[in-house]
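K.L.:
Below are the structure tokens for one structure; questions will follow.
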Amino acid sequence: MVLGCWDSALFKSLFISSLFIPAAYLFDLYNSNDFLWSEVHSFFVLFLLYFCAFVLTSIVGWLFIGFPTHWLVCKFTSKNYVYYALLPGLFLCESLLTNGPWLLAFIALTQALLFRFYVFKIKYNQA
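Heads up, the sequence shown is in my numbering, so the first residue is 2 and it goes up one at a time.
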């Protein structure tokens, strides 16, 4: 059973998907006409706090949900993208139907699909 390069895939998917919340926050702030350039420094401090909390929460989520799911998918299925998108997709559907945190569900779905893309990515030109 091949589990792929899960360690580098985790960090790549985590850091790429972590940029969605600050981008959504800036977009919402800019559209509400409350954006002041004098408050940019406070945004960066808030972004660093968010990033640390997001990374910690994501790693805990991967430890308790993501890695066991990855092991089950590798052991019993054909490692298709559908199996990686199933749990976050259900969370996204539930949060859209109940007006829940759809952005967090979208980020979880993005993380899972990026993880699947990077975990079994063939590395060319290796010596």
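Ideal placement from N, C-alpha and C gives every residue a C-beta, glycine not left out.
Under 8 Å by Cβ, that's how I've got Tyr-51 and Pro-23 pegged, so tell me the actual separation to the nearest angstrom.
P.N.:
Yes, they are in contact, since the Cβ atoms of Tyr-51 and Pro-23 sit about 7 Å apart, within 8 Å.
K.L.:
Helix or strand or just coil, what does DSSP make of Ala-128?
P.N.:
Interpretation of Ala-128 is limited by its pLDDT of 48, a score under 50 that renders its predicted location unreliable; the figure taken from the coordinates is listed afterwards. The answer is coil: DSSP assigns Ala-128 none of H, G, I, E or B.
K.L.:
Determine the DSSP secondary structure at Gly-62, reduced to helix, strand or coil.
P.N.:
Helix, per DSSP.
K.L.:
Decide yes or no for the touch test of the region 4-17 against the region 101-116: beta carbon pairs closer than 8 Å, at least 3 of them.
P.N.:
Short answer: they touch.
K.L.:
Only counting the same chain, and skipping five residues up and downstream in sequence, which positions put a Cβ closer than 8 Å to that of Trp-72?
P.N.:
Cβ neighbours of Trp-72 beyond the five flanking positions: Leu-4.
K.L.:
Where do the ends of the alpha helix (DSSP H) carrying Cys-75 lie?
P.N.:
68-77 is the extent of the alpha helix (DSSP H) around Cys-75.
K.L.:
Can you tell me whether Pro-89 is helix, strand or coil according to DSSP?
P.N.:
Pro-89: helix per DSSP, three-state reduction.
K.L.:
Between Asn-32, Phe-21, Tyr-119, Leu-98, which lies nearest to Lys-80 when the distance is taken from Cα to Cα?
P.N.:
Closest option to Lys-80, Cα to Cα, is Tyr-119.
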